[in-house]
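Residue numbers for the sequence shown follow the UniProt record's numbering, so the first one is 1 and each next one is one higher.
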Amino acid sequence: MNSIIKKLTISTLVTSGLSLSLLSSSVSAGAIIKYGDTYLGVNNEGHLNIRANDEDLSIPAGFVGPMEDSAFEGMDIRDIPIGLYRNGVGDSTSPDCLCEGWGIAATTDGNRVSGFASIDNGGGIGGLTGGTFGSTSSTATSEVNLSDADISITHAFGPSLAEGVFQVSVSILNNTGATISDLVYRRAMDWDIPPDEFNEFVTHGGIEANLESVGGNIRYASDNGFADVDPTTHADFINPETVNSDFVDNGPSDHGSVFDFTFGDLANGESRTFNIFYGSTANEAEAMAAIDTLGVNAYSLGQYSGGADSEDGEFDCDGPCLASEDGSPIVARTLASTSDTSIGDNEIGGPDSGEPATFLFAFGGVGGVEPGSSEDVPILPFVTAPGEFVFTSPEPRNWYDPPYADGFEYALEGGATFTSVTLPSAGLGFGNVDVVIDGVVVATLTSDDALDGGIDTYTFAPGVSTFSLVGLDTVLDIAAPDFGTAFPVFLDFSGNADLLTQTSLIIDDTTPPTGVPAPSSLLLLALGFALIGVRKYKKA
């Protein structure tokens, strides 16, 4: 093979003026981070909604104030609460009610214990202790512990494969010394979509296909974005027809989404991981394209209703009402009249195209299979720059999946070394792939063992921490090779790794293969993720 490997031209997404916070969660200030036109305001414990002035936070460059007629029009940008914000449009989770958060519950030693974090969803922050928080302009990582059991919860935020959509890698680690049972994670959020913040459409998808009763991880879902985030309480609903169902354009009303995920038992020393996605797009079509790119199992969309009103336009608190910090009711829990419970009056792509923005809240790895355990459910990377893909605190014997390119350089940081690499099955349509170490082709792999007597796994000699796979090509009539086509590989390695990096390569047919140095910008991500004290996890 006569070819030279070149690293793709990249422009870093992580600013050189990086400021990293490495403080305990009791005093750290949280962060406001940016990816594309989307900003997230992340608190210490991993829940959203924060003001720059309240915590003396920096706002990443390029912030554009909210649109005309939105709830925060004309406000100083440092006084606007940032939850899930789209540049030039406004915030989708913070108007009126700072209702976004999470909680977990598990049974240990016969006791049901829980911990949770929100501002207005229920009791605020409870059952949590200790932890660390760190951030850059586009990443943030929170690690906290339960007060009543040695269980840690990590939320690592970073850019996903879809621009403008943040990926949150959630990991729950059991260090209690015994197996915990009936592990449940809840996430709730109140949609408030500008410019008519308390009168939006909400859509749920993928719920019915991933319910616990059919082998998925969803135990409960509804439109009650005001639900108490403590999973030991009932999440309730606003419209009963939204419970454990898929629906389109429920509303218009002041509502949101709540999801309970059940992960069964977790042995001592084991962890369970999955992904949350928060993002904004210019319209519904772009949101659905992002959902497809990210391999989402279940999702919620929040969209502007176009000024449409609910049937009677009145609300009361006969349903799951909560109190705000000053003790007054938070409005719009249930319609005063239950006659307007119809769902799906507008179809996707119908009268409402999702403009001026569609906001999304989605989950991956909740279809009954943990990410990494199958080539169909691989671990997805964080995107530090175009062509650079990073997996934090990687574990061996997992499937890892960046988009498609002509080739990739794989590198482990932290002292670990590769032991083997395995290609995906022939069904994905890839032909022969060369394994390159130090500029030398050491093996040619094929996805089909029976094809020309080839092999699909290469076993490395000791001490290899960097190698490349080159010459990727599709042999079936599928999408042309580009960054929208997946290439999952199964990686095994020994030792502890801080980061697994995959750098896209391009091929010119000129000279023999040449290795590519690891990009220096990955050191910045290492600061944001690896240096905050996230522990090595033993896979379940």
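Cβ atoms here follow ideal geometry from the backbone N, Cα and C, with glycine treated the same way.
When the Cα atoms are used, what is the spatial distance from D150 to G88? Distance between the alpha carbons of D150 and G88: 43 Å.
Please list the terminal residues of the continuous beta strand (DSSP E) segment that includes T446. In the DSSP assignment, T446 falls outside any beta strand (DSSP E), carrying neither H nor E.
Just checking, does the region 490-501 make contact with the region 386-405 on the three C-beta pairs under 8 Å criterion? The region 490-501 vs the region 386-405: in contact.
For V168, tell me which candidate among R187, A178 and N174 has the shortest Cα-Cα distance. Proximity to V168 across R187, A178 and N174 peaks at R187, based on C-alpha coordinates.
According to DSSP, what are the bridge partners of E409? Answer by DSSP bridge pairing, in chain order: S468 and T503.
Across which residues does DSSP place Y220 in a beta bridge pair? For Y220, which the question treats as bridged, DSSP gives the partners D260.
Are P231 and S114 touching if we call contact CB-CB under 8 Å? For P231 and S114, yes; Cβs fall inside 8 Å.
DSSP three-state label for S213, please. Here S213 sits in helix by DSSP.
Distance, V248 Cα to A298 Cα: Put simply, the backbone Cα of A298 is about 13 Å away from that of V248.
Between N217 and F263, is the Cβ-Cβ spacing less than 8 Å? In contact: N217 and F263 (Cβ atoms closer than 8 Å).
According to the Cβ coordinates, are A357 and T281 closer than 8 Å? Going by beta carbons, A357 and T281 fall inside the 8 Å limit.
Once you ignore the five residues that flank D492 on each side, which residues in its own chain have a CB closer than 7 Å to its CB? Cβ-Cβ distances below 7 Å link D492 to P396, R397, T419 and S420 in the same chain, with the five nearest sequence neighbours on each side left out; the list follows chain order.
Check each candidate in T154, G372, V296 and Y458 and name the one with the smallest Cα separation from S160. Selection T154, G372, V296 and Y458 evaluated against S160 yields V296 as nearest (Cα-Cα).
What's the gap between the Cα of A411 and the Cα of S504? The straight-line gap from Cα to Cα measures roughly 12 Å.
Over the uninterrupted beta strand (DSSP E) stretch that includes E286, give me the two end residues. Unbroken run through E286 is the alpha helix (DSSP H), E284 to T293; no beta strand (DSSP E).
Which of the three DSSP states, helix, strand or coil, is assigned to I77? Three-state DSSP puts I77 in a helix.
Supposed close pair T108, D182 - CB separation, criterion 8 Å: Between D182 and T108 the Cβ distance is about 10 Å, and since that is not below 8 Å, they are no contact.
Which of the three DSSP states, helix, strand or coil, is assigned to D54? Of the three classes helix, strand and coil, the one that applies to D54 here is helix, per DSSP.
Secondary structure of T176, DSSP reduced to three states: The answer is coil: DSSP assigns T176 none of H, G, I, E or B.
Which class does E143 belong to by DSSP, given the choice of helix, strand or coil? Assignment of E143 by DSSP, reduced to helix, strand and coil, places it in the strand class.
Given a cut-off of 8 Å, decide if V436 and V489 are closer than it, judged by their beta-carbon atoms. Cβ atoms of V489 and V436: not closer than 8 Å.
Please identify the residue among I153, F261, G205 and S494 whose C-alpha is closest to the C-alpha of V144. If we check each option's Cα against that of V144, I153 comes out closest.
Counting only the same chain and skipping the five closest in sequence on each side, list residues whose C-beta sits under 8 Å from that of E370. The beta carbon of E370 is closer than 8 Å to those of R272, T273, F274, V377 and A540 in its chain, skipping five residues each way along the sequence.
Identify whether P240 lies in helix, strand or coil by the three-state DSSP scheme. In the displayed model, P240 falls within a helix according to three-state DSSP.
Would P66 and K34 qualify as a contact pair, given that the criterion is a beta-carbon distance under 8 Å? In this structure, K34 does not lie closer than 8 Å to P66 by Cβ.
Can you tell me where the beta strand (DSSP E) holding A362 begins and where it ends? From DSSP, the beta strand (DSSP E) with A362 extends over T358 to G364.
Tell me the DSSP bridge mates of V377? In the DSSP assignment, the residues bridged to V377 are S374.
Does DSSP put E208 in a helix, a strand or coil? Here E208 carries a helix assignment [DSSP, helix/strand/coil].
Measuring straight from C-alpha to C-alpha, what distance separates Y85 and A290? Taken atom to atom, the span from the alpha-carbon of Y85 to that of A290 is near 17 Å.
Keeping to the same chain, check which residues put their C-beta closer than 7 Å to that of D456; ignore five residues upstream and five downstream. For D456, same chain residues with a beta-carbon under 7 Å away, outside a window of 5 residues either side, are T422, L423, L445, T446, S447 and D449 in chain order.
Among N111, T176, S373 and E100, which one has its Cα closest to the Cα of G256? Nearest to G256 by alpha-carbon distance, out of N111, T176, S373 and E100, is E100.
On the three-state DSSP scale, how would you describe I119? In this structure, I119 counts as coil in the three-state DSSP scheme.
Rounded to a whole number of angstroms, what is the C-alpha to C-alpha distance between S324 and D254? Reliability fails at S324, whose pLDDT of 35 lies under 50, so the model's placement of it is uncertain and the value that follows must be treated cautiously. Per the coordinates, the alpha-carbon of S324 lies some 16 Å from the alpha-carbon of D254.
Can you tell me which residues form a DSSP beta bridge with A31? A31 pairs with V42.
Here's a check: name, in chain order, each residue in its chain whose Cβ is nearer than 8 Å to the Cβ of T417, leaving out the five neighbours to either side. Taken in chain order, the residues that qualify are F460, P462, G463, V464, S465, F493, S494 and G495.
Alpha carbon of V42 to alpha carbon of I77, nearest angstrom: C-alpha separation (whole angstroms): 16 Å.
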